[in-house]
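Visitor: If you count by the numbering used here, then the sequence shown holds residues 58 to 452, one letter each, in order.
Quick one: this structure, given as structure tokens, is what I'll be asking you about.
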Amino acid sequence: MKTSYNIDKNGFYGDFGGAFIPEMMHANIEELRKKYVSLITRKSFTKEFDELLKNYVGRPTPLYFAKRISEKYNTRIYLKREDLCHTGAHKINNTIGQILLAQKLGKKRIIAETGAGQHGVATATVCALMGIECVIYMGEVDIKRQSPNVARMKMLGAEVIPAKSGSKTLKDATNEAIRDWIKNPVDTHYIIGSVVGPHPYPDMVARFQSVIGFEIKDQLKSLENRDYPDYLIACVGGGSNAAGIFYPFLDNKKVNIVCVEAEGKGVNSGYSAATTSLGKEGIIHGSKTLLMQSKDGQITEPYSISAGLDYPGIGPMHANLYKTGRGKFISINDNEAMDWGLNLSVSEGIIPAIETAHAFAVLDHMKFKKDDIVVFNCSGRGDKDLDTYIDFFKL
């Protein structure tokens, strides 16, 4: 899908993107770059992909009208229920696509990185489905705070390897996965979980996740007699759930795009992951994007109470949305996000992932008109975060 905000022939979104990689990764990336579009656009591929999304993942997911919070905030609020996908989050859309791609490329082993654990679970799930060896890299800190998802990965047959360097979170897990791929270039495919990394990953992941946005177009036709909302709102760490919901609407200027980052304990506290507030242009994990870094270019350690937003950069698509002004970026702190996790639970009977809860906190920062159609991406369920909720609220 060609839009003003999508990649060019070199894999750039405006000033951001590309493939800044060591020579040892060149063969892996070139194989993907040359083959991914022709493979994933074949009728046989799309048929298999669509059938698995329907019969295995459970798509289409509902677009739910949230009556109580709509009444409270005097606007029309819909939730795209990605939390109802098999495995409990949107991540499965991408892993289904990439496991099929890996099979077409003849790969026998899968590696992945994970922060909140949802991508790890989704990767382990599709590897179990297809009978392929699976290795998941996860920060040692995240292993402790996301223990339910670690157990799920192991139950699904995956090997979970802790990343013990740096902040021991998502950034470091990604580093370890890249090292593995360099050592095993022939038989291994790296399933990156977000719209980050070298081209073609940001574009490929966005394509697989775009099913979210295209379903919204169809669902709004029957619910509101038009195929677009006034606002789309999603949390952004790397930004795969956001890319998926925004993708079909990028050129429709009637649609306001709102990206929500993790402020952590405060933008200037030293404990934050608010990339657009704190970052500058740089290169991380093979892509030019906005990145939190020191004056001499060293990556600044990010912080968020949500493991899935604990990343020092954002995907190049989102960096371009920020720089061009197409997207509005808002940062939400830990306390606001946690309060909204509880608020959504008691208001709508939906316990959200803490990542998702960040997005809903925007309701206390923005004003909407009565007839506005506001769609939130409810990107994941909160089962994985129960220990954090319990500790925070002393439940």
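C-beta atoms are modelled at their ideal positions from N, C-alpha and C, and glycine is treated no differently.
Keep in mind that this is a model prediction, so the values were computed, not measured.
Is it true that the region 413 to 426 meets the region 265 to 279, where meeting means three or more beta-carbon pairs spaced less than 8 Å apart?
Guide: Contact fails: fewer than three Cβ-Cβ distances are below 8 Å.
Visitor: So residue 297 is in the beta strand (DSSP E); what residue range does that whole segment cover?
Guide: Here residue 297 belongs to no beta strand (DSSP E); instead the alpha helix (DSSP H) covers 297 to 303.
Visitor: Would you mind listing the alpha helix (DSSP H) stretches within the region 185 to 235 that are 4+ residues and don't spill past its ends, in chain order?
Guide: For the region 185 to 235, whole alpha helix (DSSP H) runs of length 4 or above, ordered along the chain, are 197 to 202, 204 to 212.
Visitor: Less than 7 Å between the beta carbons of residue 394 and residue 437, yes or no?
Guide: For residue 394 and residue 437, no; Cβs fall outside 7 Å.
Visitor: Quick check on DSSP: helix, strand or coil for residue 348?
Guide: In the structure shown, residue 348 sits in a strand (DSSP, three-state: E or B).
Visitor: Under 8 Å, with one C-beta from each stretch per pair, do the region 130 to 149 and the region 175 to 188 reach the 3-pair mark?
Guide: Taking 8 Å as the limit for Cβ pairs, the verdict is that the region 175 to 188 does touch the region 130 to 149.
Visitor: According to DSSP, is residue 182 part of a helix, a strand, or is it coil?
Guide: Reduced to three states, the DSSP call for residue 182 is helix.
Visitor: Is residue 168 closer than 7 Å to residue 189 when the C-beta atoms are compared?
Guide: No. Outside cutoff.
Visitor: Starting from residue 364, trace the beta strand (DSSP E) both ways and give me its first and last residue.
Guide: Careful: residue 364 lies outside any beta strand (DSSP E) and carries neither H nor E.
Visitor: With residue 377 as the anchor, note down where its alpha helix (DSSP H) starts and where it stops.
Guide: It spans 373 to 381 - the alpha helix (DSSP H) in which residue 377 sits, taken as one unbroken run.
Visitor: Within a Cβ cutoff of 8 Å, which residues of the same chain sit near residue 213, ignoring the five residues on either side of it in sequence?
Guide: Cβ within range, chain order: 178, 181, 182, 184, 185, 191.
Visitor: List the whole-angstrom C-beta distance separating residue 102 from residue 255, where the pair is believed to meet the contact cut-off of C-beta under 8 Å.
Guide: Incorrect: roughly 22 Å between the Cβ atoms, too far for contact.
Visitor: Can you tell me which residues form a DSSP beta bridge with residue 339?
Guide: Beta-bridge pairing links residue 339 to 346.
Visitor: Return the CA-CA distance between residue 75 and residue 90, expressed in angstroms with no decimal places.
Guide: Taking the straight line from one Cα to the other gives about 11 Å.
Visitor: Could you tell me whether the Cβ atoms of residue 439 and residue 365 are closer together than 7 Å?
Guide: Cβ distance not < 7 Å, so residue 439 and residue 365 don't count as in contact.
Visitor: On the CB-based measure, 16 or more other CB atoms within 10 Å of its CB, does residue 381 come out buried or exposed?
Guide: Result: exposed.
Visitor: Go ahead and pull the three-state DSSP assignment for residue 432.
Guide: The answer is strand: DSSP assigns residue 432 an E or B state.
Visitor: Ignore the nearest five residues each way along the sequence and tell me which others in residue 404's own chain have a CB closer than 6 Å to its CB.
Guide: For residue 404, where only same-chain residues beyond five positions count, the Cβ hits under 6 Å are 125, 126.
Visitor: Could you check what DSSP says for residue 147 in three-state terms: helix, strand or coil?
Guide: Three-state result, residue 147: coil.
Visitor: DSSP state of residue 78, grouped into three classes?
Guide: In the structure shown, residue 78 sits in coil (DSSP, three-state: anything other than H, G, I, E or B).
Visitor: What three-state label does DSSP hand residue 136 in the structure shown?
Guide: Three-state DSSP puts residue 136 in a strand.
Visitor: Whole angstroms is fine: what's the gap from residue 199's alpha carbon to residue 282's?
Guide: Approximately 43 Å, taken between the alpha carbons.
Visitor: In terms of DSSP beta bridges, what is residue 323 paired with?
Guide: Bridge partners of residue 323: none, in fact.
Visitor: For residue 425, which option in 99, 85, 133, 367 has the closest C-alpha, if you only look at C-alpha atoms?
Guide: Measuring from the Cα of residue 425, the nearest candidate turns out to be 133.
Visitor: Using a threshold of 7 Å, state whether the C-beta atoms of residue 259 and residue 268 are closer than that.
Guide: Result no, Cβ atoms of residue 259 and residue 268 do not sit closer than 7 Å.
Visitor: Per the DSSP calculation, residue 388 is bridged to which residue(s)?
Guide: Partner(s): 318.
Visitor: Check the C-beta distance from residue 287 over to residue 313 and give it rounded, since I have them as a contact under 8 Å.
Guide: Indeed they touch by this definition, with Cβ atoms about 6 Å apart.
Visitor: Are there 16 or more other CB atoms within 10 angstroms of the CB of residue 261, so buried, or fewer, so exposed?
Guide: It counts as buried.
Visitor: So what does residue 128 bridge to, in DSSP terms?
Guide: DSSP output for residue 128 lists no bridge partner at all.
Visitor: From residue 238 to residue 156, what does the alpha carbon distance come to, in whole angstroms?
Guide: Taking the straight line from one Cα to the other gives about 16 Å.
Visitor: Helix, strand or coil for residue 162 per DSSP?
Guide: It is coil, neither helix nor strand.
Visitor: Would residue 374 be called buried (16 or more neighbouring beta carbons within 10 Å of its own) or exposed?
Guide: Under this definition residue 374 is a buried residue.
Visitor: Look at the alpha carbon of residue 108 and the alpha carbon of residue 99, and state the distance between them as a whole number of angstroms.
Guide: The straight-line gap from Cα to Cα measures roughly 14 Å.
Visitor: Using DSSP's beta-bridge definition, name the partner residues of residue 288.
Guide: Beta-bridge pairing links residue 288 to 313, 431.
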